[in-house]
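Worksheet for the structure shown next.
Chains as they are written, first to last, in the numbering used here: chain D, 952 to 1216; chain P, 242 to 550.
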């Protein structure tokens, strides 16, 4: 018995040495997933966190702290058009004087990485994959009445990101991805209570020495459930009935109050 | 206790909104107004999207108007005929108003129009109510008697208009043209400003139509019931911005608050009430005027491409 075990172990050792000695080390790639595929928006929803985790295949990283690889996790919501307005003073009043329409912009955008993305990746790669706020493709759909110069456009773009960050809909976490061991990594992504309901896409990128080695895509569904879903669906699909029900509810409440709490005239 | 609102898409503390509904309900019971002009800005201030705030306030206005109108009706303080005449103009005005909102939004002038309308109307109406209240108070002090606004034998250009009918309850024989135009104008402004319009309607009925003050509040509430119901359905169908959960919370607070307000109003003198209302209206107007003239903290803002405001 012992002999057999020894033989098997020896064979395995030989095989592993052979593969290590072969001309090229196996190419690294990345596999990932989100802890929840489905987030239910119920009446008690107050925001949540999703965990994105993954592993580097064929990792040559000696330890979790070695920093051989850089990983970026991007979670984004469905794209939507948005308009940004700017106020200026006209005759003592602060009023919106110019605006910029953007055709399509992620309604939610979270980016987490092992370190600031600009430290390890090429601008071209970041632009191509829309990694990081500065690398989002923001196409002005139509210029405001004033017409805008590139400098003004840049101002609008900066303001848009600042405002989205303030609403906690754009989140950046420069050291949000951590390695646990040689190949396993994880990142927690916060979904605020005001996150737009809809499908989310999680993208994971693996970098080594500034080169993009691989990427992985996964989906997370944000869906209303229970009474929330029923109410929202009614408002959209049967708006007239929904309006009438609201009117009846309000009128009944007013009537009940007048009758129940009536004092002698 | 927090609750996620299905249309506003945000998580809110129920207690805060109950308290807000109750506070506005108290004032509407106290002064006999819908309170939309207070509720809409306050909801926006708390982070409710403006379009949802405008539409959902209407539900609160409807509940408190029904409550008030029923009570006034039982006390025979409603001129139903006058209410319907104004309503005829009102429905037309609402249609025009909703169309105007659409055009103003296209031109990017909507926000400015709303702010200026609020400041102008609240400022003028608040000042009028305040002056009138102070005068009545002085007069009451001098003579010890209640001040009557209506002096018999007074005539104005309004008497010269055609289509006269008799309004028994208001003891008036006047042309239907002014009430229709007033109803139309007030509803037009309501649609733009997202309010019931009581604070414009009441002074218009007192000063322009010279209706007896006793029936003014009841008739105004009666008219607002229909305008608010119409507005809710219009908002629900066109913009899907009515949040029924938020409405239920606000209404629950509102109907309770309104009863306390009505009780309090019975202990206060009429002219004191008017002075108080004038002060409240002026405070809101000043707050909005300050916002218009001070340098904003952030020159930029994100606008949504859907909804009313």
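All C-beta atoms in this analysis are idealised placements derived from N, C-alpha and C, irrespective of residue type, glycine included.
Legend entry - residue 1202(D) versus residue 259(P) - alpha carbon distance: Taking the straight line joining both Cα atoms gives about 18 Å.
Inset, instruction - Have a look at 371(P), 340(P) and 264(P) and flag the residue whose alpha-carbon is nearest the alpha-carbon of residue 516(P). - result: The shortest Cα separation from residue 516(P) among 371(P), 340(P) and 264(P) belongs to 371(P).
Legend entry - residue 1140(D) - partner residues in DSSP beta bridges: In DSSP, residue 1140(D) forms a bridge with 1001(D).
Inset, instruction - Would you check if the distance between the CB atom of residue 1016(D) and the CB atom of residue 980(D) is smaller than 7 Å? - result: At the C-beta level, residue 1016(D) and residue 980(D) stay beyond 7 Å of one another.
Inset, instruction - Indicate the three-state DSSP secondary structure (helix, strand or coil) for residue 1150(D) in the structure shown. - result: DSSP, read as helix, strand or coil, puts residue 1150(D) in strand.
Inset, instruction - Would you list the residues sitting across from residue 476(P) in a DSSP beta bridge? - result: Residue 476(P) is not bridged to any residue.
Inset, instruction - Taking only beta-carbon positions, decide if residue 1037(D) is within less than 7 Å of chain P. - result: At least one chain P Cβ lies under 7 Å of residue 1037(D).
Legend entry - Rounded straight-line distance, which links the Cα of residue 345(P) to that of residue 1065(D): Put simply, the backbone Cα of residue 1065(D) is about 48 Å away from that of residue 345(P).
Inset, instruction - Kindly say whether residue 464(P), judged by its beta-carbon, lies nearer than 7 Å to any beta-carbon of chain D. - result: At a cut-off of 7 Å between beta carbons, residue 464(P) makes no contact with chain D.
Legend entry - Under 7 Å between C-beta atoms of residue 465(P) and residue 334(P): Between residue 465(P) and residue 334(P), the CB-CB gap reaches or exceeds 7 Å.
Legend entry - chain P within 7 Å of residue 1043(D), Cβ atoms only: Judged by the 7 Å Cβ criterion, residue 1043(D) is in contact with chain P.
Inset, instruction - Would you check if there are 3 or more beta carbon pairs closer than 8 Å linking the stretch 364-378 of chain P to the stretch 521-530 of chain P? - result: Because the criterion of three Cβ pairs below 8 Å is met, the stretch 364-378 of chain P and the stretch 521-530 of chain P touch.
Legend entry - Helix, strand or coil at residue 243(P) according to DSSP, with G and I counted as helix: DSSP, reduced to helix, strand and coil, places residue 243(P) within a strand of the structure shown.
Inset, instruction - Would you identify the three-state DSSP class for residue 1051(D), choosing helix, strand or coil? - result: Of the three classes helix, strand and coil, the one that applies to residue 1051(D) here is strand, per DSSP.
Inset, instruction - Would you decide whether residue 343(P) is buried or exposed? Buried here means 16 or more other CB atoms lie within 10 Å of its CB. - result: With fewer than 16 other Cβ atoms within 10 Å, it is exposed.
Inset, instruction - Find the nearest neighbour of residue 331(P) within the set 246(P), 299(P), 429(P) and 404(P), judged by alpha-carbon distance. - result: Shortest Cα-Cα distance from residue 331(P) to any of 246(P), 299(P), 429(P) and 404(P) involves 429(P).
Inset, instruction - With DSSP collapsed to three states, give me the class of residue 1091(D). - result: Strand at residue 1091(D).
Legend entry - Beta bridge counterpart(s) of residue 1006(D) as assigned by DSSP: In the DSSP output, where bridge partners are listed per residue, residue 1006(D) has 982(D) and 1135(D).
Inset, instruction - Using a Cβ-Cβ cut-off of less than 9 Å, give me the residues of the stretch 993-1006 of chain D that come near chain P, in sequence order. - result: Per Cβ criterion, the list reads 993, 994, 995, 996, 997 and 998.
Inset, instruction - Please decide whether residue 453(P) counts as near chain D, where near means a Cβ-Cβ distance under 7 Å. - result: Not an interface residue.
Legend entry - Of the residues 1159(D), 1183(D), 1189(D) and 1147(D), the one placed nearest residue 1029(D), counting alpha carbons only: Distances from the CA of residue 1029(D) to each of 1159(D), 1183(D), 1189(D) and 1147(D) were compared; the closest alpha carbon is that of 1147(D).
Legend entry - Same chain only: Cβ atoms within 7 Å of residue 1091(D), ignoring 5 sequence neighbours per side: 1051, 1052, 1053 and 1104.
Legend entry - Distance between beta carbons of residue 1142(D) and residue 1000(D), contact taken as under 8 Å: The pair is a contact, with the Cβ atoms about 7 Å apart (cut-off 8 Å).
Inset, instruction - Answer with buried or exposed for residue 557(P), where buried requires no fewer than 16 other C-beta atoms within 10 angstroms of its C-beta. - result: Absent from the model: residue 557(P). The displayed extent of chain P is 242 to 550, so no value can be given.
Inset, instruction - In the DSSP assignment, find the alpha helix (DSSP H) that holds residue 534(P) and state where it starts and stops. - result: Where residue 534(P) is concerned, the enclosing alpha helix (DSSP H) starts and stops at 511-534.
Legend entry - Beta-carbon contacts of residue 547(P) that lie in its chain and below 6 Å, excluding the five residues immediately before and after: Reliability of the predicted coordinates at residue 547(P) is poor, the pLDDT of 46 falling under 50, and the value obtained from them is presented with this limitation in mind. Result list for residue 547(P): empty, nothing under 6 Å.
Inset, instruction - Identify whether residue 1121(D) lies in helix, strand or coil by the three-state DSSP scheme. - result: Look at residue 1121(D) here: in three-state DSSP terms it is strand.
Legend entry - Beta-ladder partner(s) of residue 1037(D), from DSSP: The partner list for residue 1037(D) (beta bridge, DSSP) reads 1049(D) and 541(P).
Legend entry - Distance CB(residue 424(P))-CB(residue 313(P)) smaller than 7 Å: Not closer than 7 Å, so no.
Legend entry - Secondary structure of residue 1188(D), DSSP reduced to three states: In this structure, residue 1188(D) counts as helix in the three-state DSSP scheme.
Legend entry - Pair within 7 Å by beta-carbon distance, residue 1023(D) and residue 1156(D): Less than 7 Å divides the Cβ of residue 1023(D) from the Cβ of residue 1156(D).
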